[in-house]
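If you're matching positions, the sequence shown starts at 1 in full-length UniProt numbering and goes up one per residue.
Structure, as structure tokens:
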Amino acid sequence: MSDDPNARVDQPVVLFADDAPSVRFLVRTALESAGFATIETCDGQQALEVLASGRQVDILVTDLHMPGIDGLELVRRTRALAERRYLPIVMLTTESQNNPVQEGLKAGLTAWIVKPFKSETLLKVVGKALGKRANAARPAAP
């Protein structure tokens, strides 16, 4: 990443939040090897700080279960930021039951990936979510 936190970079920037260092390593390695720039945080609060700072973020990837601000609350707060309203958000979690998935979709998730996951799956979902953002017409603001 650039030393200037407000500088635009050529490749898409993925902000990801997960409290597990091993998962952060796997996500970072997969994304950077595919040409993405990354910003790594260990919880929802840090991710919100990055989002509120105005730094370039093209997609958010977050864990569901984190201390403090969990993934669902991070999604809700991200959607409340006017400048981040349409940011694609992907949830990584061990949860595969229907209720948490429905809560996430209601909160504004773009996609959901169940752990453990393959790097190829992460890259495919992130690429698809970024493509939807680029091709989708923005709904009118309320």
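The beta-carbon is built from N, C-alpha and C at its ideal position, and this holds for glycine as well.
All of these numbers come straight from a predicted model, not from anything done at the bench.
Apart from the five residues just before and just after residue i, which ones in its own chain have a Cβ nearer than 6 Å to its Cβ?
i, result
"LEU31", "VAL14, THR38"
"LEU122", "ALA30"
"THR94", "LYS115"
"LYS124", "none"
Spatial neighbours of residue i within its chain, please: CB distance less than 8 Å, with the 5 preceding and 5 following residues excluded, ordered by chain position.
i, result
"ARG76", "ALA107, GLY108"
"GLY104", "LEU64, GLY71, LEU72, VAL75, MET91, TRP112"
From this set, the options, which residue's C-alpha is nearest residue i's C-alpha?
i, options, result
"GLU49", "ILE69, HIS65, GLY35", "ILE69"
"GLU83", "LYS115, THR93, SER53", "SER53"
"GLU120", "PRO21, LEU26, PHE16, ALA17", "LEU26"
Would you list the one or two residues that DSSP bridges to residue i?
i, result
"residue 145", "Nothing about residue 145 can be read from this structure; the chain reaches only from 1 to 142."
"MET91", "THR62, TRP112"
"LEU15", "ILE39, LEU60"
Tell me which residues share the same chain as residue i and place their Cβ nearer than 7 Å to its Cβ, disregarding the 5 neighbours each side in the sequence.
i, result
"LEU130", "PRO12, ASP58, ILE59, PRO88"
"ASP19", "CYS42, ASP43, ASP63, MET66, PRO67"
"GLY35", "GLN11"
"ARG85", "ARG79"
Tell me where the alpha helix (DSSP H) around residue i begins and ends.
i, result
"GLU73", "71-80"
"GLY104", "98-107"
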